[in-house]
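Asker: Under our numbering, the letters of the sequence shown match residues 18 to 344, in that order.
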Amino acid sequence: MSLDIGAAIRASRKLRKLTQAELGDRAGVTRQAVAALEGNQGHLSTMFALLEHAPINFKGMTSGAAVGEKLALARQATRLSLAAVARTAGVSINTVRNLERNRGSVGPLIKVAGIVAPRLRAGPAPIETGKVWRTVAGRPNRARDPNDYYATPAPIVRLLLDHEEFDRKSSILEPCVGKARVIEAVLRSTGFACITCSDIAASGSEQRDFFDISDCYDVVLTNPPFRRHVDWIIHAKRIARHKIALLLPLNYLSGSDRHDRIWTDKEFPLAKVLILNRGISFLGDPFAERLEATQLYCAWYIWDRAHKGPPAIHWIDNHAIMERQAA
C-alpha cells in the first residue's frame, strides 16, 4: 500500500469530529481545498495549515522537522541524486528540490516519497491526553476521572439562575448529568420541566457521547469536561437554538486559539460572562450549602444567538456560600 496522506488527514478530521467545512474554517482554507487534500491533491502550504488542526503522523522514514526535511534525509541516506529521483518520479529536478524545502504539491510529494522512502506511511495522530492529571484543587491525582467528571456544586447552579433569565418552558439539554445529577435537580426544583439528560458514562438510554447528539434544544446548560472545552463549545453551537451556559475556568477568556475559534464568532456570540469572585472546589458534597475555597476561579459563560455587540461582564459575589475559615 502506498503513502496516502489524504486518507490520513480524513481519518484525523473524523477522529476530531470535524466536517470538511469546519476544518477549513479553522485552517483558513475553503472546504474545496480540504476535499482536494483528502484526495491527495493541492498545495503543501494547505496541507501544513490543515495539519495544525487535524494532525497526522509519518512512520517509516528518518525523522526531520517537516515532511520536506524527511524526504531530503531519506534521499541522502539512499545516495540518490536529485536528478535520479526526479527522473524516476517523472517530475523536474526543481520539483524535488522544492519538495525538500516544503514547497510544491501533495501529488508529486507522494511520488517522490515512494522512491526515497517506500515504507513511509501516514496515519491520524491520536487526540492527546495528559498522562498525569491534577485535581481541581491542585493536588496530583493519577486516578483523575477519565471523563473529567466533577459534580457541579448546587449553589453555583442557583447563582446562575439568579443572574441569568431562562424561559421555564425551554427545552434544556444537560449532556454531563453525572451520577449526582445536580444541575437537573436544581433546574427541576426551580420550575424547569423539559430537561433532557445524558452522559457518556451513564447507562441505558441516557448513555450518549455529546458529540453524537444531533437533536436540537433551546438551551444547552452544563459543566463540561475542561480538557475538551473548545470542541464542546463548537458542538453546542450546532445543537442549541437560543442559549448556551457553560461553567468554565475564568482564564479561558485568554488564548489565541480560543480567540480565533470561539470569542470572535458573531453568529452565536458570547453574550455574558458571570464571574464568581471566589475560587471554588468541585471535590466536596455537591449539594452542600457551603463550598471549600480554592484558587480555581470560574465563570458562567453565556452564549445567546440573538445577542448583538460585545459581551457583558458581571461579577457574582459568592462569598456567602463559601466555608468560613477557622480562626
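Glycine included, every Cβ here is placed at the ideal spot set by N, Cα and C.
According to the neighbour-count rule (16 or more other Cβ atoms, all chains shown, within 10 Å of its Cβ), is P172 buried or exposed?
Answerer: It is buried - the Cβ of P172 has at least 16 other Cβ atoms within 10 Å.
Asker: Note down, in chain order, each residue of its chain lying with its Cβ closer than 6 Å to the Cβ of K76, except the 5 sequence neighbours on either side.
Answerer: Closer than 6 Å at the Cβ level, and outside the excluded window around K76, lie R138.
Asker: Starting from L287, follow its DSSP beta bridges and name the residues at the other end.
Answerer: L287 pairs with W320.
Asker: When the distance is taken between beta carbons, is L61 closer than 8 Å to G121?
Answerer: A contact, by the Cβ cut-off of 8 Å.
Asker: Is the Cβ-Cβ distance between R33 and A71 less than 8 Å?
Answerer: Closer than 8 Å, so yes.
Asker: Within 10 Å of its beta-carbon, does G41 have 16 or more other beta-carbons around it, so buried, or fewer, so exposed?
Answerer: It counts as buried.
Asker: Output the boundary residues of the alpha helix (DSSP H) element that contains T63.
Answerer: It spans 61-68 - the alpha helix (DSSP H) in which T63 sits, taken as one unbroken run.
Asker: Identify whether D248 lies in helix, strand or coil by the three-state DSSP scheme.
Answerer: Note: D248 maps to helix in three-state DSSP.
Asker: What are the start and end residues of the beta strand (DSSP E) that includes A329?
Answerer: 329-333 is the extent of the beta strand (DSSP E) around A329.
Asker: Just confirm the distance between the C-beta atoms of W320 and K283, as a whole number of angstroms; I'd bet it's less than 8 Å.
Answerer: The pair is not a contact, with the Cβ atoms about 11 Å apart (cut-off 8 Å).
Asker: Out of P170, E182, P143, state which residue places its alpha-carbon closest to the alpha-carbon of C315.
Answerer: With distances taken between Cα atoms, C315 lies closest to P170.
Asker: What residues in its chain sit with their C-beta under 6 Å from that of K148, if we drop five residues either side in the sequence?
Answerer: Only weak support exists for where K148 lies, its pLDDT of 37 falling under 50; the coordinates are left without a value.
Asker: When the Cα of A100 is compared with those of A106, R92, I110, which residue comes out closest?
Answerer: The residue with the shortest Cα to Cα distance from A100 is I110.
Asker: Thinking C-alpha only, which one of A257, I26, R104 is nearest E191?
Answerer: When only C-alpha atoms are compared, the closest one is A257.
Asker: For the alpha helix (DSSP H) containing K76, list its first residue and its last residue.
Answerer: No alpha helix (DSSP H) holds K76; the beta strand (DSSP E) holding it covers 73-76.
Asker: Based on Cα-Cα distance, which residue from M339, L35, H246 lies nearest to A262?
Answerer: Minimum Cα distance to A262 is reached at H246.
Asker: What residues in its chain sit with their C-beta under 7 Å from that of D226, if we drop five residues either side in the sequence?
Answerer: Result list for D226: I217, in chain order.
Asker: Just mark A103 as buried or exposed, buried being the case when its beta carbon has 16 or more other beta carbons within 10 Å.
Answerer: Counting Cβ neighbours within 10 Å, A103 comes out buried, since at least 16 surround it.
Asker: Under a Cβ-count criterion, where at least 16 other Cβ atoms within 10 Å of its own Cβ denotes burial, should F304 be classed as buried or exposed?
Answerer: When all chains shown are included, F304 counts as exposed.
Asker: Restricting to Cα atoms, I'd like to know which of T95, H324, S29, L88 is closest to V129.
Answerer: Looking at the Cα atoms, L88 is the closest of the given residues.
Asker: Does the beta-carbon of W317 have 16 or more other beta-carbons within 10 angstroms, so that it is buried, or is it exposed?
Answerer: Label assigned to W317: buried.
Asker: Please list the terminal residues of the continuous beta strand (DSSP E) segment that includes D235.
Answerer: D235 -> beta strand (DSSP E) spans 234-239.
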